[in-house]
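The UniProt record's numbering numbers the first residue of the sequence shown as 1 and each following residue consecutively.
A virtual CB, placed ideally from N, CA and C, is assigned to each residue, including glycine.
For reference, the structure discussed in these notes is given below.
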Amino acid sequence: MTVGLPGPVVLVPSLELPAKVMQQRQQGRQVPAEADLISEINRLNADGGVPATMDHGLRLYVRRHVAGLRPSRHGDAWMMHFVAPMRLSDHERLARGALRLQASGGWFYEPVLTRVPPGMRAFAKEIEYAWRAMSPAEATAPAPHRPASHDAFCDAVEEVVEAGREIRIAAHADAPPIPYYAVESVAEARHDTSAVYVFRLSRVVRLTPGTTVEVTGLPDLRGRVRDLDGDRLRVSFSESIHRPRLPDQGELTATVNLRIPQIQHAAISALRAGRAANPALLPLLADPEQTVAAAAAPGPGATAIDPPASLDPGQREAFRRAVGSPELLLILGPPGTGKSRTIGEIARALVSRGERVLVASQTHVAVDNVLEQLSGGLRAVRVGDEQRVAQSVRHLVVPNLAESVRLSVLDRTAPDMAALQPWVLDEDRPAVLLARLAADVDAARRAEAGHRAAADRHESAIAAVETAFQEPRHAAARALQEARSRLERAEARAAGLAATLAHADARRTGVLGFYHRWRVRRIRDRIAASAHEVPDATRFHAAARTDADVVDGELARLLKEDPAVLDAKRAAIAAAHRQKETVAAARQAAEALRPLLAPYGTLPSTGTEPAGLGAFYHGAAQLDTSLRRRARLLAQWRDRLGEPSTEFNHELVRYADVVGSTCIGVGVERNLIADQTFDVAIIDEAAQIPLASTLVPLVRARRAILVGDHHQLPPVVDDDVRQWLRRRPAAPGGTDPAVLRDLLTTSAFERLHRAGGSALTAALTWQRRMPVAVAEFVSARFYGGALVTKVARTPPDPLLDSCLAVIDTSDLPAADRAERGRKESETWQATGYDNPAEARLIIDLVARYAATRLSWSVIVPYRAQTQYLRARLSELVGNEVLVNDNVGTVDAFQGGERDVVVFGFTRSNRDGRVGFLSELRRLNVAITRARHQLILIGDFDTLRSARDPGFADLARALHAHALAHGVIHPSVAFRAHLREHA
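So, in structure tokens, the structure goes:
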């Protein structure tokens, strides 16, 4: 579709464009000069129109390059925020549909926005209307053929979303209500649009930040727990709530956030309908075995960027493959291998070549860890709930960033505003001086004209007198001329005779001497006869000169005395004086105005004539108009910045280089990115994110980099899935339960890795966290021996002289070391277990480490054991928050690390039942958290003879490794040893 634009269009470089162009040129990328770009745009304009798309801002496409544009604030020009070589994704955009923009007045480049001529238009609305009008026609095009497997995959994922919803609902089904006896409103600072209230609870409860709660009986009053301090529960509601709607007394119910499945369903719908930014995404996920090879191939024309030298070999290889522009890359990042650092460098490189990056993960912590690596040089934005964002990156949260930018802009523009203050008011000093200059220049021009007229009158009076003496002057002049001619003839004759006499006198001797003597006599006679001629001519000439002087003297006398001449002369002198005075006044006004205007532009010299002053006034008037417009625009802009606006927040997000969000947060409308498309999505901890949640960022990106480790915790624990599948009613023709179980428990990362292997995966192998004794076991049992450890760790405590220690409770009597069943203490109200014997050993160790500067954690497999330990350790340590943060199940610690990690296996029975422990990835997560020391406590008789062969083999290998590379203490001897070192 060709769109005719009724006028010229101006392109202006944005503030960030020069830096972006310089970066690309330093990297060897060809970026055209502005003149060449405009020339090529105008050539296309004359040849039918410039190709353009508007699905991600306005983009103009020339032969080899694409220019990204956004309209100026006043709609008079297009701001050019990037120019880059065309990539495959740009060709795909054009293939999906494009406009042809034909500007009747051509396209122009103006380096400075303030110099755009008044009355120019960008025609942004006309272009947007045309783009929207074209979209329905495209939408009605016949849909391409889609294999049945693609629909089956989408159907199955839809069921999985419902399964997740049911699992979450079931987890909260039997949760008792939370009574409260009072409600207090909280005046949150700044610009938070949420409503925050504190509920005073009637009984002690345990609620973690982020838990969704609603007022019982009022399901629309739903919010999220911010924090719990004693009986004060602070809840943030997503929308403002009129205080009288909240009952003064009532109950809260922990509930499920049903917005999550809605967002997941929306992503699946986009995938199914072909609206994903990457058309290859659905085939990749539905039929990975057939599609991963093509997805792993480097993009055509991808710019090579050298990785930073500080990265290790594995990180450098991952970096090279990531910037090679494949549609999909998996980065396997075992514990301690520097995933966040690698992601940060990849994101920086992608941004450097003009790509926009989305960083997402399941947890806020993972997102924040990556953003911490992006310090300096990048425009990064963090979207989401500020209270759940790490303190180190809260300045990047949209409201905070908007406030920072707002204050920064106000601060930076304050000097300009102060300098332009004289131009804000109509009756300001520049206006007064300019008006005075205009009047003085006008007076000088009138005085100049008066002087010319007076001079003309003076010359006319002189000419009248001279006319009266014209005939006498002409007669005297003729007589003088005749006398001069007569004198000249007499003198010439006398000179000729004298010369002839001399010649003849020289030849008086010789053969003809008589003749020459005769001639000499004759010449002397002639000289004597004409001797009176010269004196007569001289007297005659003198008389003629005297007559002429008399005439001239009389004329001069009359010119001095003639009244008309005298009047005209006096008028001319007065006019000249007036001209001099007016010019001096105008120059004085100009020089008073120059210091005000000179800092903002070049002004011509005033000179000493009205013409020069007029040129100065014209230049000053133009500059004054420009400054007055600039002052008003700046004042209006600063007034608009005076209060935060949603539009400003949206612009911050829209033009950010990197946006960080949780996966679900990408689809939350108030986070301002639900409708945006990114060049690359980097998803951290992708192996533990449910597939449906991973789809939310994936459908918004043209390419994806998934970073994770499928050897650690899966998205949903198997026991939860087994319970759900057992309760799910059979549906004829429905999805195979095995397929559902696989989709529930297998992340997109693991699914794609399973299909693509090394062709699709770059592995990080240099770990820097764990001590060697722990790292070697983890490498051998979980990563095929691929991990390389380059760090040396020493035991932080002389109590255990090894970084790997096992405390074996199998030396205790069976009854003393045995586990205890605790019904309905786990997910789905399943039976849990605690173990007092192990708990006592753990408590003794924590009492020791809590008194040091070492960071520590206690990890156990069961909630029942967690509750048992927390209750007793809180009394011992005296800090419930510290205990709750450092004692928990494996799920709470993935991604974290501590100096000392104590892991208690809990299970001890004669039947070799190990329950949750059979999921070996749990143990991998637990033992890889340790930086300096790992202490394992358990009944190794039970563990090594477990019914589950995989776990039994792992337990035997772990015991043997500890025997060879660590220490093993029987529990009784260790307690005695502990008392000795108390």
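Nearest to residue i (by Cα), restricted to the options the options
i	options	result
V10	D90, R63, A122	A122
A805	A544, H932, I241	H932
T291	C154, A759, Q481	A759
L374	L396, R203, A755, Q387	L396
L330	Q391, S747, Q421, A270	S747
R356	L285, V653, R321	V653
A322	P335, D312, G336, P307	P307
R587	P117, A443, D844	A443
A453	T789, A576, M22, L845	A576
L410	I167, R165, L641, W107	L641
V666	G344, E16, A926, V367	V367
V441	R507, A414, T606	T606
L420	A402, L559, Q636, V393	Q636
N886	V31, I937, L252, I843	I843
H961	P13, A792, E776	E776
Under the three-state DSSP convention, the category residue i falls into
i	result
P344	Looking at the sequence itself, residue 344 is Gly, so the reference to Pro does not match. Residue state, collapsed to three classes: helix.
I968	strand
R702	strand
A850	coil
A960	helix
P142	Its pLDDT being 45, under 50, P142 is placed unreliably in this model, and the coordinates cannot settle the point.
V236	In the sequence as presented, Val is not what sits at residue 236; that position holds Ser. In this structure, S236 counts as strand in the three-state DSSP scheme.
G250	strand
S352	helix
Y655	coil
P136	Low confidence applies to P136: its pLDDT is 46, below 50, so where it sits in the model is not reliable, and the reading given next is rough at best. Correct three-state label for P136: helix.
H81	strand
H532	coil
G338	coil
H191	Residue placement at H191 is flagged as unreliable, the pLDDT there being 41, under the threshold of 50; the coordinate-derived value follows with that caveat. Looking at H191 - three-state DSSP - the assignment turns out to be coil, as it is neither helix nor strand.
V9	strand
G105	coil
F749	helix
A946	coil
E919	coil
H932	strand
R741	helix
Residue interval of the alpha helix (DSSP H) (run including residue i)
i	result
I664	663-666
H516	513-529
P610	610-641
residue 983	One cannot answer for residue 983 here, as it falls past the ends of the chain, which runs 1 to 982.
G450	429-468
H65	That residue, H65, is in no alpha helix (DSSP H); its beta strand (DSSP E) goes 65-71.
L44	34-46
I241	No alpha helix (DSSP H) holds I241; DSSP gives it neither H nor E.
I263	259-272
Y868	863-877
Bounding residues of the beta strand (DSSP E) (the contiguous stretch that carries residue i)
i	result
V215	212-215
E776	No beta strand (DSSP E) contains E776, which is instead part of the alpha helix (DSSP H) from 772-782.
Contact under 9 angstroms by Cβ, residue i with residue j
i	j	result
A537	R457	no
R975	L841	yes
V196	F237	yes
A156	T694	no
A692	I268	yes
L5	A103	yes
S361	I683	yes
R206	Y181	no
L378	R353	no
L752	L282	no
T765	P247	no
Cutoff 9 angstroms: residue i Cβ touching any chain C Cβ
i	result
V183	Here chain C cannot be found, since the structure has a single protein chain.
*With a cut-off of 8 angstroms, do at least 3 Cβ pairs link the segment 520-531 to the segment 426-440?*
These segments do not touch.
_Between the segment 610-619 and the segment 473-481, can you find at least three pairs of beta-carbon atoms closer than 8 angstroms?_
Contact fails: fewer than three Cβ-Cβ distances are below 8 angstroms.
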